[in-house]
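Okay, so here's the structure we're looking at.
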Amino acid sequence: MNIKFKKLNKTIVNCKKCPRLTNFIKKISTEKRKQNINEKYWGKPVHGFGDNKAKLMILGLAPASHGGTRTGRVFTGDKSGDFLFKSLYTVKISNQNFSESINDNLKLDSTYITNIIKCVPPNDKPLNTELANCSNYFISELDNLKSLKIIVALGKVAFDNCLKIYKKKFKINAKFQFKHGKKYLLPDNKILIACYHPSPRNVNTKIINLKMINQLFRKAKKIASV
983 MNIKFKKLNK TIVNCKKCPR LTNFIKKIST EKRKQNINEK YWGKPVHGFG DNKAKLMILG
1043 LAPASHGGTR TGRVFTGDKS GDFLFKSLYT VKISNQNFSE SINDNLKLDS TYITNIIKCV
1103 PPNDKPLNTE LANCSNYFIS ELDNLKSLKI IVALGKVAFD NCLKIYKKKF KINAKFQFKH
1163 GKKYLLPDNK ILIACYHPSP RNVNTKIINL KMINQLFRKA KKIASV
């Protein structure tokens, strides 16, 4: 990990800009979930992880209450992550088909995974002030990833908020519609691809399946030359 990312990640982990989120994380980590009652929760903001020379970014909205907030790594230890990493292994982005803990030897090929907001919000609904507070961390991740070509946004909320940050930074008024597999050219020449979120609800209702997400990631890899 390079010095810029080490500094950024340390700042993210120590961030307490949003009292509502800080208190909610503390509540989750203290009360815990029954099946994780004997575990020590990470209980802090969760930074991104992956290859510092990534050409591909996978972007979610926020860490899960008993996923990233428990394990300390995004899309790790929850059902959405289970589905995601089955796909990433199949398309040869990750070296294994699971993500259980920060010590499970997971490695990503030219890919970086992160969230728009680094703390889990109540009901998965961050406030606009919280999104604004966290936006500089996402911008710093983009700035640090010098080789980045593609951003795959998992879910409409992540997609919309990524665009909101871009519109503020680049003063643009473009209207991009969320549609699975649709790609858009951003002002800094990166390509944004919309993807249904691999949540249990979307998987169970067949809004998304492994074939669909595999096809999307293969397309993203090809465009990014990964």
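Going letter by letter, the sequence shown gives residues 983 to 1208 in my numbering. Even glycine gets a Cβ: it sits at the ideal position worked out from N, Cα and C.
| query | result |
| --- | --- |
| By Cβ distance below 6 angstroms, which residues in the same chain neighbour N1079 in space, the five residues on each side in sequence not counted? | F1067, K1068, Y1071 |
| So L1174 is in the beta strand (DSSP E); what residue range does that whole segment cover? | 1173-1177 |
| Grouping DSSP H, G and I as helix and E and B as strand, with all else coil, what is N1034? | coil |
| Could you tell me whether the segment 1017-1035 touches the segment 1166-1185, where touching means 3 or more Cβ pairs closer than 8 angstroms? | no |
| At the level of alpha carbons, what is the spacing between A1135 and K1022? | 30 angstroms |
| Return the first residue and the last residue of the alpha helix (DSSP H) that V1185 is part of. | 1182-1186 |
| At what residues does the alpha helix (DSSP H) containing K1061 begin and finish? | 1061-1072 |
| On the DSSP letters alone, give me the boundaries of the beta strand (DSSP E) that Y1166 sits inside. | 1165-1167 |
| Buried or exposed for K1193, please, with buried defined as at least 16 other CB atoms from any protein chain shown within 10 angstroms of its CB. | exposed |
| Measure the C-alpha to C-alpha separation of T993 and K999 and round it to an integer number of angstroms. | 11 angstroms |
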